[in-house]
Amino acid sequence: MAKINMTPVKTKMPEQDPNIRNSNFFEVTTGYTAQMAHDEAMRCLNCKNKPCVAGCPVNIDIPNFIHSITEGNIEEAYEIITRTNSLPAICGRVCPQESQCELPCVRGIKGEPVAIGRLERYVADYMLAKETFTTNVKKPTVKKNKKVAIVGSGPSGLAAASDLCDMGYDVTIFEALHKAGGVLVYGIPEFRLPKSIVEKEIERLKTKGVKIELNMVIGKTISIQELHDEEGYEAVFVGTGAGLPNFMNIPGENLNGVYSANEFLTRVNLMKAYDPSYDTPIYFGRHVAVVGGGNVAMDAARAAKRLGAEHVSIVYRRSEKEMPARIEEVHHAKEEGIEFHLLTNPTCILGEKGWVNGMECVKMELSEPGTDGRRRPAVLSGSEYILDVTSVIIAIGTSPNPLIKTTTSGLDTNKWGCIVADTETGQTSIPYIFAGGDVVTGAATVILAMGAGKKAAAAIDKYL
Amino acid sequence: MYKILEKKDLNNEVVFMKIDAPAVAKKCEPGQFIILRVNETGERIPLTIEDYDRKEGWVSIIFQKVGKTTHLLGTLNKEDYIQDFVGPLGIASHTDNMERVCVIGGGLGCAIAFPQAKKLFRKGAHVDIIAGFRNESLVILEEEMKINSTNYYLMTDDGSAGEKGLVTAKLKELIENGANYDTVIAVGPVIMMKFVSLLTKEYGIRTIVSMNPIMIDGTGMCGGCRLTVDGQTKFACVDGPDFDGHKVDFDSVLQRLSMYKEEENHKCNLFRGIE
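Chains as they are written, first to last, in numbering that gives the first Met the number 0: chain B, 0 to 463; chain Z, 0 to 274.
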């Protein structure tokens, strides 16, 4: 047996130079080579209790697939991953591995954990690069002659559709927008998740037999009840995400030049406003302030920088330690020249002739941790100052879209507008309707949504 | 892909199209809108549904060629296809408790106001229509509106057709002469809706306006279409498009409509340029 690679740090991920990448939309990290993947795979101790597997929301057999990489058998590694994860090229890129599979890794005790995410991505990209990736797909061997509808083509819907299709169900995904992928196409930018990858994964699903109907706003074009009563869908999975942008409700929010992060990113990602051959316009001006400290805020800031804004500032009311964004994203943003105004909270957006020309902010200080363990920010009196900005992007979170709730009588939701669903099965107050992902949990991660989609698929199978 | 079943130039700027869209036709009601994308590189633009036939499965739209997208759409002909066509979006207009109604259409706004007027008239309400245009060459739907109203008043800015003057002048005259309206429905340029609302407020007449601002998805996702109504932020796409004219902050709406004015090729708003 080959010797374990005892290097205490991860094999470095090749990436574009920060000063070059901050003016293009190509992917930031370029991926491991075969040699790098092998070297990194050799760092895995293949330990018996496999803490990494427990840390993975979909329990990928991690040591096993890494072992296949060490043997150079990438196809086998892919087969192992896809037993439980149908979208590895996406998860390898956007999962917060540092707080999931890599967190309990034994190698992380004395040094850095094994770069599980990077290896997952390597395996997926190796397969994705094959010409036959979208055509050579194992089709379901059984047919159940029962129709299941999936509402929304984001991570939870794709995962549920994939599993249900494998089980032999006749699966149709209904998507409101003109492109499938949900947050993967309208939210996460090209430089973090190339859209060609999402397209290939979806093509593969279609080859497998999943049908996708675009431009179908469920609740408007057709209701869930109609899908069930009239169109013959015996179960419906709702994975409509948390697409409704929250605003701060401070003066000046309706000025020209103020965007929700959703609008800004949708213009950039879905409508490709960064590409001059597309018609959708975007405005940002000289200095863009992005309010918020999550991944969406980082995405918006980095996109604005790439579009040519001279200055881009993150404005966040707590300190860096409390930022919900992944450390890697914060690090990349800093490298690309994004400025950070921490412990800062906007109180008013100022305008002239209807356009943003400044943002009044106050400095904050952190109090002792509250009951949720987070330190509450409090205003430092007399600290008002004006940030000289030309546009403001608000990235303080999203809520579930009420469209399904308001058009499906008898469907229970909680006070935040999230659909109430059983944590194990995803079943809602209406027995044939299952739900999962952000529409149940509020804004969370791609992999948690996928996990919920998988659980719901299993529960739907049982229900039918 | 959605097939164009019929195309008619209503005048030099305004085009009528019938689109094959059975799913939309099956559910739509007056006051709702669709979002379309002409081709792969196109913008998504909202257009109000003018008419529909559930059995034949079509929806008709009327648009004015004011920006890149509407010009591009105007180049398509019968048998051509539109890339994307989604709807019906927004909340349908309420027509309950309306017995004596004045429907005001400004320019292209007539196309949006028409289905509501027709529905009310056919329900047996007294419906006066005031249709305003810049000049004779821009007049649309004259016959259709005449047939579907109790009284039809045509107004032009220059007097080249109907009476010379603004729709608000005619409205004031009718109210003063005892029209006794319970509701005024105004659809057209924001500035027109603003002044109609100011006038009707004086008389205490319920006024409904139809807002059609810049939007992308039309399902509440982007927030681009937000406006202030009664001091609160509302999304025209999911909370509207109809709002109480006495509560809308029209000045901020006018400002938001100017957002992409400099981008000459990107005039995506329905109302822009017809004032």
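Even glycine gets a Cβ: it sits at the ideal position worked out from N, Cα and C.
Those runs of the beta strand (DSSP E) which lie wholly inside the stretch 172-213 of chain B and span at least 3 residues | 210-212
Leaving aside the five residues before and after arginine 82 (chain B) along the sequence, list all residues of the same chain whose C-beta is less than 6 Å from its C-beta, in chain order.
-> None.
Can you find a C-beta in chain Z that's less than 8 Å from the C-beta of proline 244 (chain B)?
-> yes
Listed by chain order, chain B residues near aspartate 19 (chain Z) by CB distance under 7 Å = What aspartate 19 (chain Z) touches in chain B: nothing, since even the nearest Cβ is about 13 Å away.
Residues in the stretch 183-217 of chain Z with C-beta within 7 Å of chain B's C-beta atoms, listed in sequence order?
-> Ile215 and Asp216
Give the straight-line distance between the Cα atoms of serine 428 (chain B) and glutamine 31 (chain Z), rounded to the nearest whole angstrom.
-> In this structure, the alpha-carbon of serine 428 (chain B) lies about 30 Å from that of glutamine 31 (chain Z).
Please say whether glycine 161 (chain Z) and threonine 155 (chain Z) have beta carbons closer to each other than 8 Å?
-> yes
Who are the neighbours of histidine 177 (chain B) on chain Z, taking C-beta pairs under 8 Å?
-> Arg36, Arg43, Gln82, Asp83 and Val85
Near aspartate 19 (chain Z), which residues of its chain fall below 7 Å by C-beta distance, leaving aside the five closest residues on each side in sequence?
-> Tyr1, Lys2, Leu4, Gly56 and Trp57
Output the residue ranges of the beta strand (DSSP E) runs that lie fully inside the stretch 248-278 of chain B and measure 3 residues or longer, sorted by chain position.
-> The stretch 248-278 of chain B contains these whole beta strand (DSSP E) runs: 257-259.
Do the stretch 235-253 of chain B and the stretch 381-397 of chain B touch if we need at least three Cβ pairs shorter than 8 Å?
-> yes
Identify the continuous beta strand (DSSP E) that holds cysteine 347 (chain B) and give its terminal residues.
-> 343-351
Arginine 375 (chain B) at chain Z interface by Cβ criterion, 8 Å | no
6 Å CB neighbourhood of isoleucine 432 (chain B) in its chain, flanking five on each side removed = Val235
Anything in chain Z within Cβ reach of tyrosine 273 (chain B), meaning under 7 Å, just list it in chain order.
-> Under the 7 Å cutoff, chain Z gives no residues; its nearest Cβ is about 13 Å from tyrosine 273 (chain B).
CB contact check: tyrosine 277 (chain B) to chain Z, cutoff 8 Å = Interface residue (Cβ-Cβ distance to chain Z less than 8 Å): tyrosine 277 (chain B) is classified as such.
Status (buried if at least 16 other CB within 10 Å, exposed otherwise) for threonine 94 (chain Z) | buried
According to DSSP, is glutamate 12 (chain Z) helix, strand or coil?
-> coil
How would you label arginine 373 (chain B), buried or exposed, when you count the other beta carbons within 10 angstroms and need 16 or more for buried?
-> Flag for arginine 373 (chain B) reads exposed.
Taking Cβ positions, are glycine 357 (chain B) and leucine 386 (chain B) nearer each other than 8 Å?
-> If you check the CB distance, glycine 357 (chain B) and leucine 386 (chain B) come in under 8 Å.
Reduced DSSP secondary structure (H/G/I, E/B, other) of phenylalanine 62 (chain Z) | strand
Please name the residue, chosen from B:Asn214, B:Phe25, B:Val8 and B:Thr10, that lies closest to alanine 302 (chain B) on a Cα-to-Cα basis.
-> B:Phe25
Going by CA-CA distance only, name the one from Z:Asp8, Z:Phe249, Z:Ile184 and Z:Gly244 that's closest to valine 100 (chain Z).
-> Z:Ile184
Are the stretch 444-454 of chain B and the stretch 148-160 of chain B touching by the rule of at least three beta carbon pairs closer than 8 Å?
-> yes
Neighbour flag for alanine 110 (chain Z) against chain B, beta carbons, 8 Å = no
For alanine 22 (chain Z), which residues in chain B fall below 8 Å Cβ to Cβ?
-> Met215, Thr220 and Ile221
Considering only C-alpha positions, which residue in the set B:Val170, B:Gln426 and B:Met12 is nearest to aspartate 38 (chain B)?
-> B:Met12
Short check: CB of threonine 406 (chain B) to CB of serine 222 (chain B), under 8 Å?
-> Contact flag set, yes.
Give the straight-line distance between the Cα atoms of valine 439 (chain B) and valine 237 (chain B), rounded to the nearest whole angstrom.
-> 9 Å
Step through the CB atoms of chain B and report whether any lies within less than 8 Å of the CB of methionine 220 (chain Z).
-> For methionine 220 (chain Z), the answer is yes, since a Cβ of chain B falls inside 8 Å of its Cβ.
Positions along the stretch 229-247 of chain Z whose CB lies within less than 8 Å of some CB in chain B | Thr232 and Val237
Quick one: what's got a C-beta closer than 6 Å to methionine 270 (chain B)'s C-beta in the same chain, skipping five residues either side?
-> Thr279
Does DSSP put asparagine 356 (chain B) in a helix, a strand or coil?
-> In the three-state scheme derived from DSSP, where H, G and I count as helix and E and B as strand, asparagine 356 (chain B) is classed as strand.
If you pair each beta-carbon of the stretch 273-293 of chain B with each one of the stretch 361-368 of chain B, do three or more pairs fall below 8 Å?
-> no
Proximal residues of chain Z, C-beta to C-beta of glutamate 262 (chain B) below 7 Å | Ile215, Cys221, Gly222 and Gly223
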